[in-house]
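Asks: Numbering (the numbering used here), first residue to last: 102 to 742. The C-beta atom is built at its ideal place from N, Cα and C for all residues, glycine as well. These numbers come from a predicted model, not from an experiment.
(1) Once the 5 residues before and after residue 692 are set aside, which same chain residues still bring their CB inside 6 Å of it?
(2) Rounded to whole angstroms, what's the CA-CA distance from residue 335 to residue 358? Just pull it up for me.
(3) Can you have a look at residue 279 and say buried or exposed, based on whether 16 or more other CB atoms are within 10 angstroms of its CB?
(4) If you draw a straight line from the C-alpha of residue 590 to the C-alpha of residue 700, how long is it?
(5) Going by other Cβ atoms of all chains shown within 10 Å of its Cβ, with 16 needed for buried, is residue 226 buried or exposed?
(6) Between which residues of its own chain and residue 268 is the CB-CB distance below 7 Å, once the five residues before and five after are set aside?
(7) Going by DSSP, what residue range makes up the alpha helix (DSSP H) through residue 319?
(8) Let me know the beta strand (DSSP E) ranges lying completely inside the segment 582 to 630, each 3 residues or longer, listed in chain order.
(9) CA-CA distance, residue 449 and residue 324?
(10) Looking at residue 664 and residue 690, is the spacing between their C-beta atoms short of 8 Å?
(11) Tell me which same chain residues have a C-beta within less than 8 Å of the C-beta of residue 364, skipping the five on either side of it?
(12) If you follow the beta strand (DSSP E) that residue 732 is part of, which residue opens it and which one closes it?
(13) In three-state DSSP terms, what is residue 664?
(14) If we count Cβ pairs, one from each stretch, closer than 8 Å, do we get three or more for the segment 397 to 414 versus the segment 376 to 385?
(15) Is the segment 256 to 275 in contact with the segment 694 to 714, if contact means three or more CB pairs nearer than 8 Å?
(16) What residue from 597, 588, 561 and 611 has the CA that sits closest to residue 569's CA?
(17) Check whether the segment 618 to 628 and the segment 573 to 582 are in contact - that is, three or more C-beta pairs closer than 8 Å.
(18) Return the residue from the list 445, 441, 443 and 436 that minimises the CA-CA distance to residue 458.
(19) For chain C, find out if any of its Cβ atoms is closer than 8 Å to the Cβ of residue 370; answer yes or no.
(20) Can the beta-carbon of residue 394 be found closer than 8 Å to that of residue 416?
(21) Quick check on the DSSP output: the beta strand (DSSP E) that includes residue 284 runs from which residue to which?
(22) Put residue 343 into one of helix, strand or coil per three-state DSSP.
(23) Which of helix, strand or coil does DSSP assign to residue 191?
(24) Residue 251: buried (16+ other C-beta within 10 angstroms of its C-beta) or exposed?
(25) Among 703, 259, 583 and 686, whose alpha-carbon lies nearest the alpha-carbon of residue 717?
(26) In terms of alpha-carbon separation, which member of 245, 188 and 192 lies closest to residue 206?
(27) When DSSP labels each residue in this structure, what does residue 405 get in the three-state scheme?
(28) What ranges does the alpha helix (DSSP H) occupy inside the segment 239 to 272, keeping only unbroken runs of at least 4 residues that lie completely in it?
(29) Residues in its own chain within less than 6 Å of residue 340 by CB, not counting five upstream and five downstream?
(30) Would residue 562 and residue 668 qualify as a contact pair, given that the criterion is a beta-carbon distance under 8 Å?
(31) Go ahead and label residue 237 buried or exposed: buried means 16 or more other beta carbons lie within 10 angstroms of its beta carbon, across all protein chains shown.
(32) Output the distance between the C-alpha atoms of residue 581 and residue 212, rounded to the nearest integer angstrom.
(33) Just how far apart, CA to CA, sit residue 254 and residue 239?
(34) Would residue 739 be called buried (16 or more neighbouring beta carbons within 10 Å of its own) or exposed?
(35) In the DSSP assignment, what residue or residues form a beta bridge with residue 701?
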């Protein structure tokens, strides 16, 4: 098996395991009583909140063994909770319904259900539930390879979990964030950092499987990073923590792979055999097959080709029984068999397995293409096609009238003319609406490129300035407002921000919770990118100060961070796609915002050098930034006279 493939699958597997296993614990506000036998009491129990909790607990208990029964209990809990106007019960019933959908592989319904649960929890300030749902939604996006959204949800989950000091969900979020960063070599150090942060929280929960996941994932990263000694140390820790869990075969097999890489072949064979034996006891066919494949690869590495082929043939039999789930492992098996037969000069068999290898590669390629293509119809394209369909249907109707002689020629002419002009106006209006919707999401130049070519490539922009704003004590102020008041306040603030940045030729990138991200200098270069951003920041600061004076503690104080440099920008996603920016410039802007204060504009040394003669500043000293060293900071006070 190819190492990268195996590592990536491990990350995905354990990201979901951590997210869904750790979040399975249900916080109860009261004892539920004896509910071991559903038929005993649940049907005759009084319709109150305790019955809702009991139904939710029953749903959780049957979630994996009897999903249909679990769904019935969850739906019954939701119906009763709605009748009782009991938000906690509605939210957790929806959570269980989503979990059942997820276990069935129905990710669309799972996502929609969890988003409903998230809305209930947020509206009623049930923060444990909010953190829980953000984590679960992040797991779905990770499973669908949308790492940007997954990271957004997991960071939000972590922020809330830290606010309420929920050890379980802090551990979950940190593990999940580590899994995302562990998929790219450039972010391996960040991944390791998050996994290490997760370890004490995982230990505090008493969940050894979670500890094992952290250890193994760190070991996997070191292995891919060609740091075998470190990999081996963490994998041995993971093996110990995984005792009594279904992760034992994987841990043993991974240790064997490290020894195989170090050319310690007897030790590699020892651990792969242990992996097979433990997998056999668990009746885990996939783990058994993977152990056999690694045994074959080890013997192949020692040039014992006939013995290697014996194990490859055994692996092939197991993998064919598993079907599509084992396609990647089967590809590695055929690859090894082709090479082994070639080494033995058995070219007919080498050719046979090479053909099988090519066939399965084609199959895997088609699967990957299907995943990447997804649905490529954007809103404006759908609207345009629907208009064309409607137009054709109208023409068919008109032709039927002509053939049947139902109306006179003159009336037909008038009808055609009327419909023609109506359709032309309709298509024009719908095209205008589609264009307006597209421009709400993308910069004008990017939108035009998308419409002309059907795609928009990611680009690097060298001279830009990034602004990130956040509201100080957002959670504290939010608790003083009703849900509608909170939405109204955010809408008022962000609408004002939109108007201000538009005036200064700045592109809005996105809002995430109470954060607002904007940039100047892309997609069209702008020599005054830093000046424009700071002028807008001054206006935003003054607007928020005035609003604070008017509404007092029910309004927010804004923190602003600014940095200049280069970024990468492009479109991510298919459905509800987004235009986003990445790079150290964005990260430093975030550090500037985090180290700012309410009503202040904090800029980096890079931005200061571009505008030092245009404004008055207060030098703030330096902060230590990971991988960046010491960063100087300045507060912008006002324009220079």
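Replies: Reading it off the structure:
(1) Here residue 692 refers to the residue found at position 591 when the chain shown is read from its first residue. Spatial neighbours of residue 692 in its own chain (CB-CB distance under 6 Å, excluding positions within 5 residues in sequence) are listed in chain order as 726.
(2) Counting from 1 along the chain shown, the entry for residue 335 is found at position 234. Counting from 1 along the chain shown, the entry for residue 358 is found at position 257. Within the model, the alpha-carbon separation for residue 335 versus residue 358 is close to 14 Å.
(3) For the purposes of this step, residue 279 is taken as residue 178 along the chain shown, with counting starting at 1. Around the beta carbon of residue 279, 16 or more other beta carbons sit within 10 angstroms, so the residue counts as buried.
(4) For this step, residue 590 is matched to residue 489 along the chain shown. For this step, residue 700 is matched to residue 599 along the chain shown. The straight-line gap from Cα to Cα measures roughly 17 Å.
(5) To locate residue 226, count along the chain shown from 1; it is residue 125. Exposed, since its Cβ has fewer than 16 Cβ neighbours within 10 Å.
(6) Locating residue 268 in the chain shown gives position 167, counting from the first residue. Within the same chain, 302, 305 and 306 come within 7 Å of residue 268 by CB-CB distance, once the 5 residues on both sides are set aside.
(7) Along the chain shown, read from residue 1 onward, the residue named residue 319 stands at position 218. First-last of the alpha helix (DSSP H) with residue 319: 309 to 325.
(8) Those beta strand (DSSP E) runs which fall completely within the segment 582 to 630 and span 3+ residues are 608 to 613 and 616 to 621.
(9) In the chain shown, residue 449 corresponds to position 348, counting from 1. In the chain shown, residue 324 corresponds to position 223, counting from 1. Cα to Cα, residue 449 sits roughly 36 Å from residue 324.
(10) In the chain shown, the residue the question calls residue 690 occupies position 589. In the chain shown, the residue the question calls residue 664 occupies position 563. In contact: residue 690 and residue 664 (Cβ atoms closer than 8 Å).
(11) For the purposes of this step, residue 364 is identified with residue 263 of the chain shown, where counting begins at 1. Within the same chain, residue 364 has close Cβ partners 402.
(12) As a position in the chain shown, residue 732 is number 631, starting the count at 1. First-last of the beta strand (DSSP E) with residue 732: 730 to 740.
(13) Your numbering for residue 664 matches position 563 in the chain shown. The answer is strand: DSSP assigns residue 664 an E or B state.
(14) Proximity of the segment 397 to 414 to the segment 376 to 385 falls short of the contact definition, fewer than three beta-carbon pairs being nearer than 8 Å.
(15) Taking one beta carbon from each stretch, the segment 256 to 275 and the segment 694 to 714 have fewer than 3 pairs nearer than 8 Å; the two do not touch.
(16) Here the question's residue 569 lines up with position 468 in the chain shown. Of the listed residues, the one whose Cα sits closest to residue 569 is 611.
(17) Short answer: they don't touch.
(18) Residue mapping note: residue 458 aligns to position 357 of the chain shown, counting from 1. Closest option to residue 458, Cα to Cα, is 436.
(19) This model lacks chain C altogether, as it is built from one protein chain only.
(20) Within the chain shown, residue 394 is the residue found at index 293, counting from 1. Within the chain shown, residue 416 is the residue found at index 315, counting from 1. Contact: yes.
(21) On the chain shown, position 183 is the one that residue 284 refers to. No beta strand (DSSP E) holds residue 284; DSSP gives it neither H nor E.
(22) To locate residue 343, count along the chain shown from 1; it is residue 242. Judged by DSSP in its simplified three-state form, residue 343 adopts coil rather than helix or strand.
(23) Indexing the chain shown from 1 puts residue 191 at position 90. Note: residue 191 maps to helix in three-state DSSP.
(24) Here residue 251 corresponds to residue number 150 of the chain shown, with the count starting at 1. Buried, because 16 or more other Cβ atoms sit within 10 Å of the Cβ of residue 251.
(25) Start at 1 with the first residue of the chain shown, and residue 717 comes out as number 616. Selected option, being the one with the closest Cα: 703.
(26) Within the chain shown, numbered from 1, the residue matching residue 206 stands at position 105. Closest by C-alpha distance to residue 206, out of 245, 188 and 192, is 245.
(27) Indexing the chain shown from 1 puts residue 405 at position 304. Secondary structure of residue 405 (DSSP, three-state): coil.
(28) Runs of the alpha helix (DSSP H) inside the segment 239 to 272: 248 to 264.
(29) On the chain shown, residue 340 is found 239 positions in, with the first residue counted as 1. Within the same chain, Cβ atoms closer than 6 Å to the Cβ of residue 340 are found at 352, the five residues on either side in sequence being excluded.
(30) The residue given as residue 562 occupies position 461 in the chain shown. The residue given as residue 668 occupies position 567 in the chain shown. Cβ atoms of residue 562 and residue 668: closer than 8 Å.
(31) Reading the chain shown from its first residue, position 136 is the one you call residue 237. Counting other Cβ atoms within 10 Å of its Cβ, residue 237 reaches 16 or more and is therefore classed as buried.
(32) Walking along the chain shown from the start, residue 581 turns up at place 480. Walking along the chain shown from the start, residue 212 turns up at place 111. Their backbone Cα atoms lie some 30 Å apart in a straight line.
(33) For this step, residue 254 is matched to residue 153 along the chain shown. For this step, residue 239 is matched to residue 138 along the chain shown. Across the structure, residue 254 and residue 239 are spaced so that their CA atoms are roughly 5 Å apart.
(34) Within the chain shown, numbered from 1, the residue matching residue 739 stands at position 638. By the 10 Å Cβ count, residue 739 comes out exposed.
(35) One-based indexing of the chain shown puts residue 701 at position 600. Residue 701 pairs with 660.
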